[in-house]
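Before any comments, here is the structure.
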Amino acid sequence: MNLFIRFDGQGRAARRGFLRRALRDGLLALTCGACWIASGENAAPETTGPPRPISLHPDNPRYFLWRDKPAILISSGEHYGSLCNAKFDYGRYFQALARDGLNHTRTFSGTYRETPASFGITANTLAPAADAYLAPWARSSVPGANDGGNKFDLAVWDERYFRRLDDYMQQASDHGIVVEFTLFCPLYEDDLWRISPLNGANNVNDIGHGDKSEALSLKHDRMLAVQLAAVRKLTTALQRFDNVILEICNEPYARDVPDAWERRIIDEIVATERRLPSRHLISQNVASKTKRIVDPHPATGVFNFHYCTPPDAVRDNDHLDRPIGENETGFRGKEDVLYRTEGWDFILAGGAIYNNLDYSFTVDRPAGDFRQYQSPGGGSPELRTQLGILKRFIESFDFTSMRPDDETVQSVSADLVARTLSEPSKAYAVYLHARLPFKPDDPKQFEQIERVETITLKLPPGEYQVDWLNPRTGAIDHSESFAHSGGTRELRTPPFAADAALKLLRTGD
Numbered sequence: 096m097n098l099f100i101r102f103d104g105q106g107r108a109a110r111r112g113f114l115r116r117a118l119r120d121g122l123l124a125l126t127c128g129a130c131w132i133a134s135g136e137n138a139a140p141e142t143t144g145p146p147r148p149i150s151l152h153p154d155n156p157r158y159f160l161w162r163d164k165p166a167i168l169i170s171s172g173e174h175y176g177s178l179c180n181a182k183f184d185y186g187r188y189f190q191a192l193a194r195d196g197l198n199h200t201r202t203f204s205g206t207y208r209e210t211p212a213s214f215g216i217t218a219n220t221l222a223p224a225a226d227a228y229l230a231p232w233a234r235s236s237v238p239g240a241n242d243g244g245n246k247f248d249l250a251v252w253d254e255r256y257f258r259r260l261d262d263y264m265q266q267a268s269d270h271g272i273v274v275e276f277t278l279f280c281p282l283y284e285d286d287l288w289r290i291s292p293l294n295g296a297n298n299v300n301d302i303g304h305g306d307k308s309e310a311l312s313l314k315h316d317r318m319l320a321v322q323l324a325a326v327r328k329l330t331t332a333l334q335r336f337d338n339v340i341l342e343i344c345n346e347p348y349a350r351d352v353p354d355a356w357e358r359r360i361i362d363e364i365v366a367t368e369r370r371l372p373s374r375h376l377i378s379q380n381v382a383s384k385t386k387r388i389v390d391p392h393p394a395t396g397v398f399n400f401h402y403c404t405p406p407d408a409v410r411d412n413d414h415l416d417r418p419i420g421e422n423e424t425g426f427r428g429k430e431d432v433l434y435r436t437e438g439w440d441f442i443l444a445g446g447a448i449y450n451n452l453d454y455s456f457t458v459d460r461p462a463g464d465f466r467q468y469q470s471p472g473g474g475s476p477e478l479r480t481q482l483g484i485l486k487r488f489i490e491s492f493d494f495t496s497m498r499p500d501d502e503t504v505q506s507v508s509a510d511l512v513a514r515t516l517s518e519p520s521k522a523y524a525v526y527l528h529a530r531l532p533f534k535p536d537d538p539k540q541f542e543q544i545e546r547v548e549t550i551t552l553k554l555p556p557g558e559y560q561v562d563w564l565n566p567r568t569g570a571i572d573h574s575e576s577f578a579h580s581g582g583t584r585e586l587r588t589p590p591f592a593a594d595a596a597l598k599l600l601r602t603g604d
């Protein structure tokens, strides 16, 4: 079936506006074939439809394909309230990320929120006041919710929320940012359950009178029905966007959220998108640090871990042949060196996503230049610049042809870690960094102690181009070329402090 929509005397902006609203509301998902728009008797038909969403790269499904290019996702993003906190200016936030070439953010859907006291976070964006909190569900006219606002009606959608969601996703798209959209999060503490819309004290639907540990489970049919309805609504609302990955639940392992519940949510996404034009990647947050994944849901395309120091999660799940992400880290201190080295280490180990919790983003400072925070982590404009250097370094290679390599670097100083990605006999990306404890007593010392090291590489015969890059500044500190007859070869680093990166290209036989 073809749908013909005709606008007489309407401009391009009006036509685009109609299409955006129609796609958002699911109207065009009811059609098959093409949607044509004519603005006059002789106008040529235009074929429309949602672009292909970010997907697994067909040649190397450990990475992504987005907008017809290989993609790796790197960011240092705010603490997940950029959508549900109506006072947060996400336009300025996206501009700040895009300025450094970063291309990823997480955001929580609004089914969960925090209090200003949660986790010791200064000016927590995920702790909006009652009048700034937007959830998928609308407030009723009945007063008495524990946050001081009216109670929620879990059978009614909040149109303000969905308008904001649509604009949020569009602005992220315009800035080249992929949104990892986290549908649910466990209730870590009683204070979080006390203000949740799913708590029976805060809704008019007589739903949610059990313990917080049962909120994300299969124990209560009516609660589950509300959650599944939200999944269908949100999945449909995000259908037209190519820059979204649907994450099921943040840190389910922190409160023993049942695997069966997560699988039920995944099933609902799959069933919903079966009736829609596009299929989006689904991600699951598996564990803190690492865990070997066995028998994943077949529809899960991306596997995320938190606080991956060292990045063992990548190696431990090599058998999946899927993107492995570290889409949250922090809680190590404030210094940039901690999160720069962690990001480089994870990506050079073969990871596909890196996102640091960046507490320099607040409601009052959405451009990410707040420095007086006392939060249990870091984030700064300088760190985002350094992660942008990492992203450009990886993108300077044909990285989908590369794999983690434990053979090329034969020896290195005992107080250094070496990570290598390589396309054997062609290209080598090597990262060296000092061995940092998870929470060092004095992180600054690692930026102050300058060293020169010798590393031994095992290389095939050929001619090589060497470039040593400074991960902190982006400068090429030293370049050279050499001919090699095969076997081991020693390279001497330029002076560096915490870390150094090597780009080694074989240029001839």
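Note that the sequence shown covers residues 96 to 604 in our numbering. Glycine is no exception: its CB is placed at the ideal position from the N, C-alpha and C atoms.
Euclidean distance between Cα positions of residue 376 and residue 272:
Counting only the Cα atoms, residue 272 lies some 15 Å from residue 376.
Assigned secondary structure, residue 541 (DSSP; H/G/I helix, E/B strand, else coil):
helix
For my contact list, residue 230 and residue 202 are in at a C-beta cut-off of 8 Å; report their separation, rounded to the angstrom.
The Cβ separation is near 13 Å, so there is no contact.
Test item: CB-CB of residue 168 and residue 482 under 8 Å:
no
With a threshold of 6 Å on Cβ separation, who are the neighbours of residue 312 within its own chain once the five nearest residues in sequence on each side are excluded?
353 and 356
Whether residue 558 touches residue 592 by CB criterion (8 Å)
No, the Cβ-Cβ distance between residue 558 and residue 592 is not below 8 Å.
So for residue 308, helix, strand or coil by DSSP?
helix
If distances are taken between C-alpha atoms only, which option among 513, 531, 535 and 533 comes closest to residue 525?
513
Inter-residue Cα distance where the pair is residue 293 and residue 475
35 Å
Of the residues 522, 470 and 441, the one placed nearest residue 486, counting alpha carbons only:
441
Starting from the C-beta of residue 243, find all residues in its chain whose C-beta is less than 8 Å away, skip the five residues before and the five after it, and write them out in chain order.
Annotation for residue 243: 225 place their beta carbon closer than 8 Å to its own, counting only its chain and skipping 5 residues before and after.
Measuring straight from C-alpha to C-alpha, what distance separates residue 264 and residue 190?
13 Å
Taking C-alpha atoms, which residue in 281, 322, 371 and 302 lies nearest to residue 345?
Between residue 345 and the set 281, 322, 371 and 302, the nearest pair of CA atoms involves 281.
CA-CA distance, residue 602 and residue 580?
14 Å
Quick check: the stretch 442-451 against the stretch 179-190, are at least 3 beta-carbon pairs closer than 8 Å?
no
Mind reading off the beta-carbon distance from residue 523 to residue 599? Whole number of angstroms is fine, and I expect it under 8 Å.
4 Å
What residues in its chain sit with their C-beta under 8 Å from that of residue 459, if we drop five residues either side in the sequence?
218 and 465
Which class does residue 272 belong to by DSSP, given the choice of helix, strand or coil?
coil
By the three-class DSSP mapping on this structure, what secondary structure does residue 216 have?
DSSP places residue 216 outside both helix and strand once states are collapsed to three, so it counts as coil.
Spatial neighbours of residue 394 in its chain, beta-carbon cut-off 7 Å, leaving aside the 5 residues before and after:
361, 365 and 377
Are residue 527 and residue 507 touching if we call contact CB-CB under 8 Å?
yes
Mark residue 568 as exposed unless 16 or more other C-beta atoms lie within 10 angstroms of its C-beta, in which case mark it buried.
exposed
Complete beta strand (DSSP E) runs within the stretch 270-357 (minimum length 3 residues, chain order)
273-279 and 339-344
Please look up how many angstroms separate the CB atoms of residue 472 and residue 454, rounded, as I've assumed it's under 8 Å.
Under the criterion of beta carbons closer than 8 Å, residue 472 and residue 454 qualify as touching, at roughly 6 Å.
Thinking residue 46 and residue 583 are a contact (beta carbons under 8 Å), I'd like their distance in whole angstroms, please.
The structure shown does not extend to residue 46, since the chain is modelled only from 96 through 604, so no value can be given for it.
Cα-Cα separation, residue 64 to residue 381:
With the chain covering only 96 through 604, there is no way to say anything about residue 64.
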